[in-house]
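Participant:
Chains as they are written, first to last, in our numbering: chain C, 33 to 383; chain Z, 33 to 383.
#1: Over the uninterrupted beta strand (DSSP E) stretch that includes residue 112 of chain Z, give me the two end residues.
#2: Exposed or buried, which one is residue 129 of chain Z when buried takes at least 16 other CB atoms within 10 Å?
#3: Within the segment 157-208 of chain C, note down every full alpha helix (DSSP H) run reaching 4 residues or more, in order along the chain.
#4: Using the three-state DSSP reduction, which class does residue 259 of chain Z fall into: helix, strand or coil?
#5: From the beta carbon of residue 164 of chain C, is the nearest beta carbon of chain Z less than 8 Å away?
#6: Any idea if residue 276 of chain Z is buried or exposed, counting beta-carbon neighbours within 10 angstroms, 16 or more meaning buried?
#7: What are the start and end residues of the beta strand (DSSP E) that includes residue 141 of chain C?
#8: Compare the C-beta of residue 91 of chain C against all C-beta atoms of chain Z and say whether one is closer than 8 Å.
#9: Taking residue 342 of chain C as part of the alpha helix (DSSP H), name the residues at either end of that continuous run.
#10: Just confirm the distance between the C-beta atoms of residue 141 of chain Z and residue 163 of chain Z, as a whole number of angstroms; I'd bet it's less than 8 Å.
#11: May I have the straight-line CA-CA distance separating residue 308 of chain C from residue 237 of chain C, to the nearest angstrom?
#12: Which term fits residue 284 of chain C, buried or exposed, when burial requires 16 or more other beta carbons within 10 angstroms of its beta carbon?
#13: Quick one: residues in its chain with C-beta nearer than 6 Å to the C-beta of residue 246 of chain Z, no 5 flanking neighbours on either side, listed in chain order?
#14: What three-state label does DSSP hand residue 311 of chain Z in the structure shown?
#15: What do you reckon, are the CB atoms on residue 118 of chain C and residue 291 of chain C nearer than 8 Å?
#16: Within this structure, are the beta carbons of residue 159 of chain C and residue 107 of chain C separated by less than 8 Å?
#17: Output, in chain order, the set of chain Z residues within a Cβ distance shorter than 7 Å of residue 324 of chain C.
#18: Work out the CA separation of residue 176 of chain Z and residue 187 of chain Z for me, nearest whole Å.
#19: Going by DSSP, what residue range makes up the alpha helix (DSSP H) through residue 291 of chain C?
#20: Determine, using beta-carbon pairs with one atom in the segment 297-307 of chain Z and one in the segment 334-347 of chain Z, whether at least three such pairs fall under 8 Å.
#21: I want to verify the contact list: residues of chain Z whose CB lies under 8 Å from the CB of residue 137 of chain C, in sequence order.
#22: Suppose contacts are defined by Cβ-Cβ distances below 8 Å. Is residue 373 of chain Z in contact with residue 219 of chain Z by that definition?
#23: Identify which residue in C/358, C/191, C/112 and C/229 has its Cα closest to the Cα of residue 138 of chain C.
#24: Rounding to the nearest angstrom, what Cα-Cα distance links residue 37 of chain Z and residue 229 of chain C in this structure?
#25: Who does residue 331 of chain C pair with in a DSSP beta bridge?
#26: Just to confirm, are residue 203 of chain C and residue 361 of chain C a CB contact at a threshold of 8 Å?
#27: From residue 263 of chain Z to residue 270 of chain Z, what does the alpha carbon distance come to, in whole angstroms?
#28: For residue 74 of chain Z and residue 66 of chain Z, which I take to be in contact (beta-carbon distance under 8 Å), what is that distance rounded to the nearest angstrom?
#29: Do residue 344 of chain C and residue 116 of chain Z have their CB atoms nearer than 8 Å?
Structure below.
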C-alpha cells in the first residue's frame, strides 16, 4: 500500500521479530528480551551483540506485547481538564517528568466537561494502566467513588474529596481563602468582594468558603460576588460590574490569577489604579503573576510539592497497596504590588 | 497485598475475562468482543445482554491485548517540547480533540531538549503507535531523517524541513518575517531591531531570515539582534539592552509573543511608552496577546488550520500510505495597539 516517498527514504518494512534478532546475534531469544530490559541480567558482550543485530534489522521491542504477556503495563492514565488554564501546563510538565523518571509512560486523555469524566476514566482503564491521575477540579463525587472502587489506583489532583475512599492531593483552599480575608482586613480594607470561578469546582467553593467565613467572623460587610467561570473574560466583566456599583468594593479576591488578570484589565479600562483605588488578590501564582505587567499579590499553589505528593501516593498505592489518603498542601501568600500596604500589613497572616 | 481502605470501598478484584462475561450473558466470546467494538455487527439485544453482564462482573475490554492480537494499536505518540510555552497548551488541546474524534489515543512524551528527541521517538515507537506527532521546533535534521525512515508515519509540527522525506506542518515563518519588516517600514520606522529566540529552532531562524532579508532590500540600517532563548526573562533583558543603546531602535520585532511580553515589561521599567517611543511586534498570537494589558500587534499562527493539516497528513499516511508532504500555513498579521500608526500604515502588507 505505502508508496516510497522520495529517493532518500528507505522502503518501509514491518518490524522483525526478536527471534530473527536472536538468530543474527547468535544468542537466545530470552537474551534479546533481557538486553532490552532495564536492570535485567545480561553480559555487556551479549548486550552489544543484540544491539548491533537489532540496529541492523531495525528491530524494536514491543512494549504492548510485553505488557499483555506480563499482565503489567507501565502506562499511567492522565485525565486532564482545563489544559489551557495557565496553571496546568507546568503541572503536566512536572507530572510527565516525575512519571518518566519512575519508568512510567503517560496515556493522556482530555476531560472536556464534568459529564465526560466517567467515559474518560473508563477509557484509560481499558488500556490496563497501572494508575490514573485526574487533574481536574470538576470531578463529581459519584465519579470519585467509582474511582475508589476500581482495581486501579487513582489520584485526584486539585480536587478535595472527603470520605470517598479515593486519594486526593489538593491545595488547602479553605485555609488559603481565610489567609486572603485576613490580609485584606489587616491592611485596612473594609469592602472586599469575591470574583468567582465555577462553583462546580471544589477549589472555587473552598476558596470562597474560607474567604467568606473569615470575613463573617471579622466584619459586617455583605460581600458581593460576581463571575462564575474561570477565564480572563469573566474576570474582566465581573470586575467591571463590581467596580461600577454605587458602593464600590475596595478590594477584589479573585479565585484564580486568570480572573485577576481580567480584573486588572477592567481597572485599566475604568481608569482605576491598583492598589491605590482597589486592591486585587489572585490565586495560583502562575508564572505571569510575577511579570511586572501584573506584579500580582496571590496565593501560590506549591505545584512541585503537589506533584511530589501525587507521585508518592500513586506509587505507594501501586507498589505497596497503600490505603487512599487525602493530602492537603498549604498555599503560600506571595505579597507583590496589588494590595495597598498599611501600617498593619505585617500582621497579614495572623489568624 | 492491597488493603481495604474504608468501609465504603468495595474490595478490589482482578478484571474478569471475556469468557466469564460471555457465559453470564449466554452469548459467544466473539459476541462480547463485537459488543465492545464501535461499528461492529451485533444485535441490540445481544449488546444489552453483554453490557449488563459486563457491568455486573466489572469487566472491561483489554485494549492492549486487542492491539497486540490485531497488530494494530490506536495509539498516536505525541512528543512535545516546550509544554509551558503559552503557544502549546492550545495546540495540545486541539490535537487531543482531533485525535480522539478519530478514535485514536495519545501517548504523550516530553521532549526535554534537542538531544533527547531520538530517545523520545524511539520510546513511543516501542508502543507500536500508529503514528507520531512531534510538536517541537528543535528537531535535528538527522532525527527528521530517521523519522522518515521509520515504518511509522511521523508529522513534525512547527518544524520546517525541506528534502528530508518527512511530513512537516509549519507556519510560513520566512514570509511572516517579511510581513513584519514591511509593516515596520511602511509605518515609518527606520531603526528596527530583532529580539531573538533560540537559533536551534527553525521557527526562530526563519522568522529572522524573512525579517532581515526584507529589511536589507529596503533600508541600510544595520539591524541589532539580542536574545537567544524563548522566555519572558530573555525578552525583558534583551529589550532593556537594545533600548538603552546610544542609537535606540524605534521598533522591536520579537520572535515570539512571550519575548514581546518581556520587552513590554522592559519598556515600562525604562519609562518608555508603546507605541509612542518604541513599537513592538510579537509572533504567535497566544490568547494573552489580545488582553488589554498587552494589546499586542503580532503574527497569528493559525493553530486550528495547522492542526487540521497535521491530522490530514497523518491520517493520509496511516490509512492511504500517502507520501510525506511539507505544508506551510500562512501567518496572519493582527494589528493591535503596539505599532505606531502613520499615514502609510495601510500599505503594511504590500510586498
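Don't be surprised by glycine CBs; every beta carbon is placed ideally from N, CA and C.
Keep in mind the model is a prediction, meaning the values are calculated, not measured.
Facilitator: Let me spell this out:
#1: For this step, residue 112 of chain Z is matched to residue 80 along the second chain. Where residue 112 of chain Z is concerned, the enclosing beta strand (DSSP E) stretches over 107-113.
#2: Position 97 of the second chain, counted from the start, is the residue given in the question as residue 129 of chain Z. Exposed, because fewer than 16 other Cβ atoms sit within 10 Å of the Cβ of residue 129 of chain Z.
#3: DSSP runs (the alpha helix (DSSP H)) wholly in the segment 157-208 of chain C: 173-181.
#4: Here residue 259 of chain Z refers to the residue found at position 227 when the second chain is read from its first residue. Residue state, collapsed to three classes: strand.
#5: Position 132 of the first chain, counted from the first residue, corresponds to residue 164 of chain C. No, no contact with chain Z.
#6: Here residue 276 of chain Z corresponds to residue number 244 of the second chain, with the count starting at 1. So residue 276 of chain Z ends up on the exposed side.
#7: Numbered from 1 along the first chain, position 109 holds the residue referred to as residue 141 of chain C. Here the beta strand (DSSP E) through residue 141 of chain C covers 137-143.
#8: Start at 1 with the first residue of the first chain, and residue 91 of chain C comes out as number 59. No - not a single Cβ of chain Z is within 8 Å of the one on residue 91 of chain C.
#9: As a working note, residue 342 of chain C is residue 310 in the first chain. Its alpha helix (DSSP H) spans residues 335-352.
#10: By 1-based counting over the second chain, the position of residue 141 of chain Z is 109. By 1-based counting over the second chain, the position of residue 163 of chain Z is 131. Their Cβ separation, rounded to whole angstroms, is 14 Å, which puts residue 141 of chain Z and residue 163 of chain Z out of contact at 8 Å.
#11: Walking along the first chain from the start, residue 308 of chain C turns up at place 276. Walking along the first chain from the start, residue 237 of chain C turns up at place 205. Going from the Cα of residue 308 of chain C to the Cα of residue 237 of chain C covers about 29 Å.
#12: Here residue 284 of chain C corresponds to residue number 252 of the first chain, with the count starting at 1. With 16 or more other Cβ atoms inside 10 Å of its own Cβ, residue 284 of chain C counts as buried.
#13: On the second chain, position 214 is the one that residue 246 of chain Z refers to. Closer than 6 Å at Cβ, skipping near neighbours: 210 and 213.
#14: In the second chain, the residue the question calls residue 311 of chain Z occupies position 279. Strand, per DSSP.
#15: In the first chain, the residue the question calls residue 118 of chain C occupies position 86. In the first chain, the residue the question calls residue 291 of chain C occupies position 259. Taking 8 Å as the Cβ cut-off, residue 118 of chain C and residue 291 of chain C do not qualify as a contacting pair.
#16: For the purposes of this step, residue 159 of chain C is taken as residue 127 along the first chain, with counting starting at 1. For the purposes of this step, residue 107 of chain C is taken as residue 75 along the first chain, with counting starting at 1. Cβ distance < 8 Å, so residue 159 of chain C and residue 107 of chain C count as in contact.
#17: Residue 324 of chain C sits at position 292 when you count from the first residue of the first chain. Those within 7 Å of residue 324 of chain C in chain Z are 297, 300 and 301.
#18: Residue 187 of chain Z sits at position 155 when you count from the first residue of the second chain. Residue 176 of chain Z sits at position 144 when you count from the first residue of the second chain. Distance between the alpha carbons of residue 187 of chain Z and residue 176 of chain Z: 9 Å.
#19: One-based indexing of the first chain puts residue 291 of chain C at position 259. Counting along the chain, the alpha helix (DSSP H) containing residue 291 of chain C begins and ends at 289-302.
#20: no
#21: Translated into the one-based positions of the first chain, residue 137 of chain C becomes position 105. Result: 139, 141, 155 and 159.
#22: As a position in the second chain, residue 373 of chain Z is number 341, starting the count at 1. As a position in the second chain, residue 219 of chain Z is number 187, starting the count at 1. For residue 373 of chain Z and residue 219 of chain Z, yes; Cβs fall inside 8 Å.
#23: For the purposes of this step, residue 138 of chain C is taken as the residue at position 106 of the first chain. The candidate whose alpha carbon is nearest that of residue 138 of chain C is C/112.
#24: Reading the second chain from its first residue, position 5 is the one you call residue 37 of chain Z. Reading the first chain from its first residue, position 197 is the one you call residue 229 of chain C. Since pLDDT at residue 37 of chain Z reaches only 37, below the 50 mark, its modelled position is unreliable, and no value is offered.
#25: Taking the first residue of the first chain as position 1, residue 331 of chain C is located at position 299. Bridge partners of residue 331 of chain C: C/315 and C/365.
#26: Working through the first chain from its first residue, we reach residue 203 of chain C at position 171. Working through the first chain from its first residue, we reach residue 361 of chain C at position 329. Yes, the pair counts as a contact, with Cβ atoms nearer than the cut-off.
#27: Reading the second chain from its first residue, position 231 is the one you call residue 263 of chain Z. Reading the second chain from its first residue, position 238 is the one you call residue 270 of chain Z. If I take the Cα positions, the gap works out to 11 Å.
#28: One-based indexing of the second chain puts residue 74 of chain Z at position 42. One-based indexing of the second chain puts residue 66 of chain Z at position 34. Sure, about 4 Å apart at Cβ, within 8 Å.
#29: Position 312 of the first chain, counting from 1, holds the residue named residue 344 of chain C. Position 84 of the second chain, counting from 1, holds the residue named residue 116 of chain Z. No, Cβ-Cβ distance for residue 344 of chain C and residue 116 of chain Z is not below 8 Å.
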